[in-house]
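Here is the structure we will look at, set down as structure tokens.
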Amino acid sequence: MAEAAHYSATEILRDGRKIVIRALRPEDEKEMLAVLAASSLQSLRRRFFVARRHFSEKEIAFFMNVDFRNQVALVGCSEENGRPAIVGGARYIVTSPGSAEVAFFVVDAFQGRGVGSILARHLVQIARESGLHELVADVLAENGGMLNVLKKQGFEIAPAQDPQTIHLVRRLA
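In the working numbering, each residue carries its 1-based index in the sequence shown increased by 26.
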């Protein structure tokens, strides 16, 4: 979806702050790496299933070079310490025709403010408009916050192959 590459919308967080949801840009790389470096090991583990702060050049290129057809990536930008900052991100990657896997990350200081829910809502909207039929997610069983976010967005629990994760599916009509 070509329009997703230029996506931008403004929302209000639970605490009254504005958040801009927009397409990830290549020039966001330095800030994205800084966000990951400053995140707690628990948050990193919940996103990547391992607590890791460093990524290879190939991994960085994969995450930053988004084609907005087979991979869509959004960031949430809000004010932090008096300046605009990336406070969360969401993406989907098409895994088979009509189906994509989703992933989310919210910086520690912004967890519980509605960032994940807002990102999920926008990502579902883009996926639907792109003609996808379903979104899937694997979430660590301990990650109650993300499980709640996804359930509120219509994701339902489905059989999982890994006992440490919960597999969720969101059908898009």
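Beta carbons: idealized from backbone N, C-alpha and C, even for Gly.
Do you know how far the Cα of Glu-105 is from the Cα of Met-2?
Nothing about residue 2 can be read from this structure; the chain reaches only from 27 to 199.
Is Phe-88 near the ligand ATP - that is, is its Cβ less than 7 Å away from at least one heavy atom of it?
Absence of the ligand ATP from the depicted structure is noted, as is the absence of any ligand whatsoever, leaving it without description.
With Ser-143 as the anchor, note down where its beta strand (DSSP E) starts and where it stops.
Taking the first residue of the sequence shown as position 1, residue 143 is located at position 117. It is not in any beta strand (DSSP E) - Ser-143 instead sits in the alpha helix (DSSP H) that spans 141 to 155.
Per DSSP, which residues does Gly-115 bridge with? Please list them.
Residue 115 sits at position 89 when you count from the first residue of the sequence shown. Paired residue(s): Val-101, Phe-131.
Does DSSP classify Glu-85 as helix, strand or coil?
Residue mapping note: residue 85 aligns to position 59 of the sequence shown, counting from 1. It is helical.
By how many angstroms is the C-alpha of Gly-108 removed from the C-alpha of Gln-97?
The residue labelled residue 97 in the question sits at position 71 within the sequence shown. The residue labelled residue 108 in the question sits at position 82 within the sequence shown. Approximately 32 Å, taken between the alpha carbons.
From Val-162 to Asp-41, what distance separates their C-alpha atoms?
Numbered from its first residue, the sequence shown carries residue 162 at position 136. Numbered from its first residue, the sequence shown carries residue 41 at position 15. So the two alpha carbons sit approximately 29 Å from each other.
Give the DSSP bridge partners of Ser-122, in chain order.
On the sequence shown, position 96 is the one that residue 122 refers to. In the DSSP output, where bridge partners are listed per residue, Ser-122 has Ser-125.
Using the beta-carbon count (16 or more within 10 Å), is Arg-197 buried or exposed?
By one-based count along the sequence shown, residue 197 stands at place 171. Classification of Arg-197: exposed, given that the 10 Å Cβ count is below 16.
Classify Ser-122: buried if its beta carbon has 16 or more other beta carbons within 10 angstroms, exposed otherwise.
The count along the sequence shown starts at 1 and reaches residue 122 at position 96. Its Cβ having fewer than 16 others within 10 Å, Ser-122 is exposed.
Express the C-alpha separation of Val-128 and Glu-37 in angstroms, rounding to a whole number.
In the sequence shown, counting from the first residue as 1, residue 37 sits at position 11. In the sequence shown, counting from the first residue as 1, residue 128 sits at position 102. Cα-Cα distance, rounded: 21 Å.
Would you say His-159 and Gly-124 are within 8 Å of each other, going by their C-beta atoms?
Within the sequence shown, the letter at position 133 stands for residue 159. Within the sequence shown, the letter at position 98 stands for residue 124. Cβ distance < 8 Å, so His-159 and Gly-124 count as in contact.
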